[in-house]
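Visitor:
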Ligand code: NAP
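In our numbering, the protein residues as written are 55 to 353.
Right under this line is the structure:
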């Protein structure tokens, strides 16, 4: 029997994920705080609900894709939240990036109602959501993951069970550490080359295929050379995730000097009103320190 899916949060990521669920044939009920954002999916066959509670009442698997920990708490536990509508035996899957600790708290509240939860944050960005090629990092019971797997397969390509509840979020935060430090490495390399008088486009062509190669160099550097800072993944969300990393690492007395440095540098983007640009706008801070701007003709 096809499971009925509920989806809460139809932003940059949630809406294309919903389209892929509909395309895979899942009956879908949706809710979004700004109601107009539901129209497109309703036109494609989804049922629009009046609250997260109503989504849960109509669904076997309830997916949330909102912004930060307080937002997930709100749609799950608040007035008209998921917890008030979820039936025993249904599964709640939070695919937002939030705190591992808050995740564990929500999972245990749901467990008291015999509702299982998976934390299943994603990487792959808007492109991955549109193309159904997200990487999905899962925390929670392995048997519950197997139940949800067909829905995950409609949205993603690589689905990895990391461990118990919270561990999906831990994996996602590890991913974010690697992302920002790759962005910083890319920024310093390109600024160094440009300040030395080299053609940044040629440097990029030469180094991206070697030991310095990275996703950032392949995907972000060409946009930097074209001065196109449209997101992708916004600086504000990147800072939200680094904040989660540092909150978790503080609790473990864990030093992450590179991550802390990048967080501080990116504050300058926020101070300059650039927080809605793509996270690779980090290069602008390094450019400002150098007194130059990188440009180049990418082939
Ligand atoms: P987004 O475009 O800003 O969408 C956020 C969604 O959450 C909107 O539907 C918004 O509703 C809803 N929302 C936020 N706070 C809410 C609240 N308190 N109550 C009810 N609804 C609320 O963000 P996104 O890019 O889709 O990101 C969603 C999540 O995926 C985030 O946790 C992000 O870190 C993660 N993520 C994003 C990317 C990416 O590349 N964008 C990649 C991987 C992971 P409204 O429409 O009413 O504002």
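Glycine is no exception: its CB is placed at the ideal position from the N, C-alpha and C atoms.
Give a single yes or no on whether residue 175 has its beta carbon closer than 7 Å to a heavy atom of the ligand NAP.
Guide: For the purposes of this step, residue 175 is taken as the residue at position 121 of the chain shown. Indeed, a heavy atom of the ligand NAP lies less than 7 Å from the Cβ.
Visitor: Need the endpoints of the alpha helix (DSSP H) that residue 279 sits in, please.
Guide: By 1-based counting over the chain shown, the position of residue 279 is 225. Here the alpha helix (DSSP H) through residue 279 covers 275 to 279.
Visitor: Taking only three categories from DSSP, how would you classify residue 323?
Guide: Counting from 1 along the chain shown, the entry for residue 323 is found at position 269. Note: residue 323 maps to helix in three-state DSSP.
Visitor: Rounded to the nearest angstrom, what separates residue 220 and residue 153 at their Cα positions?
Guide: Here residue 220 refers to the residue found at position 166 when the chain shown is read from its first residue. Here residue 153 refers to the residue found at position 99 when the chain shown is read from its first residue. Their backbone Cα atoms lie some 8 Å apart in a straight line.
Visitor: Does residue 66 come out as helix, strand or coil in the three-state DSSP assignment?
Guide: For the purposes of this step, residue 66 is identified with residue 12 of the chain shown, where counting begins at 1. Note: residue 66 maps to coil in three-state DSSP.
Visitor: Rounded to whole angstroms, what is the Cα-Cα separation between residue 314 and residue 300?
Guide: Translated into the one-based positions of the chain shown, residue 314 becomes position 260. Translated into the one-based positions of the chain shown, residue 300 becomes position 246. Each residue's alpha carbon lies about 7 Å from the other.
Visitor: Rounded C-beta distance between residue 222 and residue 276? I'm assuming under 8 Å.
Guide: By 1-based counting over the chain shown, the position of residue 222 is 168. By 1-based counting over the chain shown, the position of residue 276 is 222. No, residue 222 and residue 276 are not in contact; Cβ-Cβ is about 31 Å, not under 8 Å.
Visitor: Go through its chain and collect everything with a Cβ distance to residue 68's Cβ below 7 Å, but skip five positions before and after it.
Guide: Here the question's residue 68 lines up with position 14 in the chain shown. Hits under 7 Å: 61 and 119.
Visitor: Measure the CB-CB distance between residue 271 and residue 279 and report whether it falls below 8 Å.
Guide: On the chain shown, position 217 is the one that residue 271 refers to. On the chain shown, position 225 is the one that residue 279 refers to. Contact: no.
Visitor: Roughly how many angstroms lie between the CA atoms of residue 218 and residue 193, to the nearest whole one?
Guide: Looking up residue 218 in the chain shown gives position 164. Looking up residue 193 in the chain shown gives position 139. Distance between the alpha carbons of residue 218 and residue 193: 5 Å.
Visitor: If you measure from the beta carbon of residue 139 to each beta carbon in chain B, is any gap under 8 Å?
Guide: The structure shown contains no chain B; it is built from a single protein chain.
Visitor: Can you tell me which of the three DSSP states residue 288 falls into?
Guide: What you label residue 288 is simply residue 234 of the chain shown in a count that begins at 1. Correct three-state label for residue 288: strand.
Visitor: Express the C-alpha separation of residue 178 and residue 241 in angstroms, rounding to a whole number.
Guide: Taking the chain shown and counting its residues from 1, one reaches residue 241 at position 187. Taking the chain shown and counting its residues from 1, one reaches residue 178 at position 124. Their Cα atoms are separated by approximately 21 Å.
Visitor: May I have the straight-line CA-CA distance separating residue 143 from residue 110, to the nearest angstrom?
Guide: Translated into positions along the chain shown, residue 143 becomes position 89. Translated into positions along the chain shown, residue 110 becomes position 56. Whole-angstrom Cα-Cα distance: 12 Å.
Visitor: In angstroms with no decimal places, state the Cα-to-Cα distance between residue 93 and residue 113.
Guide: Within the chain shown, the letter at position 39 stands for residue 93. Within the chain shown, the letter at position 59 stands for residue 113. Whole-angstrom Cα-Cα distance: 19 Å.
Visitor: When every heavy atom of the ligand NAP is checked, does at least one fall within less than 7 Å of the C-beta of residue 246?
Guide: Here residue 246 refers to the residue found at position 192 of the chain shown. Result no, Cβ not under 7 Å from the ligand NAP.
Visitor: What does the Cβ neighbour count give for residue 331, buried or exposed, with the cut at 16 atoms within 10 Å?
Guide: Here residue 331 refers to the residue found at position 277 when the chain shown is read from its first residue. Flag for residue 331 reads buried.
Visitor: How about residue 186 and residue 273: are their beta carbons less than 8 Å apart?
Guide: Numbered from 1 along the chain shown, position 132 holds the residue referred to as residue 186. Numbered from 1 along the chain shown, position 219 holds the residue referred to as residue 273. No, the Cβ-Cβ distance between residue 186 and residue 273 is not below 8 Å.
Visitor: When the Cα of residue 134 is compared with those of 206, 255, 210 and 103, which residue comes out closest?
Guide: The residue you call residue 134 lines up with position 80 of the chain shown. Checked all of 206, 255, 210 and 103; the closest Cα to residue 134 is 103.
Visitor: Per the DSSP calculation, residue 190 is bridged to which residue(s)?
Guide: Here residue 190 refers to the residue found at position 136 when the chain shown is read from its first residue. Answer by DSSP bridge pairing, in chain order: 176 and 213.
Visitor: Quick check on residue 2: does DSSP put it in helix, strand or coil?
Guide: Nothing can be reported for residue 2: it is not among the residues displayed for the chain, which extend from 55 to 353.
Visitor: Is DSSP giving residue 245 helix, strand or coil here?
Guide: As a first step, residue 245 must be located in the chain shown, where it is residue number 191. Looking at residue 245 - three-state DSSP - the assignment turns out to be helix.
Visitor: How long is the line joining the alpha carbons of residue 237 and residue 63, rounded to whole angstroms?
Guide: In the chain shown, counting from the first residue as 1, residue 237 sits at position 183. In the chain shown, counting from the first residue as 1, residue 63 sits at position 9. If you take the alpha carbons of residue 237 and residue 63, they lie about 28 Å apart.
Visitor: For residue 261, report the span of its beta strand (DSSP E) as first-last.
Guide: Taking the first residue of the chain shown as position 1, residue 261 is located at position 207. Note, residue 261: premise wrong, no beta strand (DSSP E); alpha helix (DSSP H) at 254 to 261.
Visitor: When the Cα atoms are used, what is the spatial distance from residue 317 to residue 297?
Guide: Here residue 317 refers to the residue found at position 263 of the chain shown. Here residue 297 refers to the residue found at position 243 of the chain shown. Between residue 317 and residue 297, the C-alpha separation is close to 8 Å.
Visitor: List the residues that DSSP assigns as beta-bridge partners of residue 117.
Guide: Translated into positions along the chain shown, residue 117 becomes position 63. Answer by DSSP bridge pairing, in chain order: 61 and 147.
Visitor: Would you list the residues sitting across from residue 332 in a DSSP beta bridge?
Guide: As a first step, residue 332 must be located in the chain shown, where it is residue number 278. Paired residue(s): 288.
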